[in-house]
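Comments concern the structure below.
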Amino acid sequence: MSAGVGSRLAGVDGAMAAREQVEMVRCRLGDRLDGAVQRYVPLAEFGLWKYLMESRHRKQVLVDAISVWVPEEPALWNSGVAPEDLEPVVRVRFSARGVLGALVPVERYFAALSYPQAQAALFSHYAPGTRPADLQATAGYFLPLSRREDARAGVVA
Numbered sequence: 267m268s269a270g271v272g273s274r275l276a277g278v279d280g281a282m283a284a285r286e287q288v289e290m291v292r293c294r295l296g297d298r299l300d301g302a303v304q305r306y307v308p309l310a311e312f313g314l315w316k317y318l319m320e321s322r323h324r325k326q327v328l329v330d331a332i333s334v335w336v337p338e339e340p341a342l343w344n345s346g347v348a349p350e351d352l353e354p355v356v357r358v359r360f361s362a363r364g365v366l367g368a369l370v371p372v373e374r375y376f377a378a379l380s381y382p383q384a385q386a387a388l389f390s391h392y393a394p395g396t397r398p399a400d401l402q403a404t405a406g407y408f409l410p411l412s413r414r415e416d417a418r419a420g421v422v423a
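Just so we're aligned: the sequence shown equals residues 267 to 423 in my numbering.
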């Protein structure tokens, strides 16, 4: 196998990993920020989400950090990131019926420790007794800010 082929394959793997990464905002939401609840919101949605939380729900939003979420992969454990620096965050994906009955994709992120309560709260917004058939939960991590550039480049080392 030539060096060119090996390099090309490595590039494909890096590109695939980069598609799974999500630029993420870790913030706190609440009436009083000292007792606020931590939230993980994709950066692409954060402006609209913050506007809704502050204007419609009258909640304060305080940004703690901006970084990336990556799915859990065995390579991450050999990446040089200390285990205590990885924040376990679960990604939840499913489809829900919209106002006109069309399926709408839903994607949310929750701290792993509070996932059971967060999932129950999320489903309380939908019709009682309905659970999406296509529910997917993916374990992952909010990477420390110091690793953001490496993660964005597809390098977790």
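Ideal Cβ placement from N, Cα and C applies to all residues, glycine included.
- If E289 sits next to L309, beta carbons under 8 Å apart, how far is it from one beta carbon to the other, in whole angstroms? 4 Å
- Using the beta-carbon count (16 or more within 10 Å), is L409 buried or exposed? buried
- Task: Between the Cα of L328 and those of E339, V334, K316 and W335, spot the shortest distance and give me the residue it belongs to.
- Result: K316
- Task: Note the first and the last residue of the continuous alpha helix (DSSP H) segment covering Y381.
- Result: Y381 to F389
- Query: Which residues mark the beginning and the end of the alpha helix (DSSP H) in which E311 is found?
  - Reply: L309 to Y317
- If you check the beta carbons only, do L295 and R305 fall under 7 Å apart? yes
- Query: For T404, which residues from the same chain have a beta carbon less than 6 Å from its beta carbon, with the 5 sequence-adjacent residues on both sides left out?
  - Reply: P337 and R357
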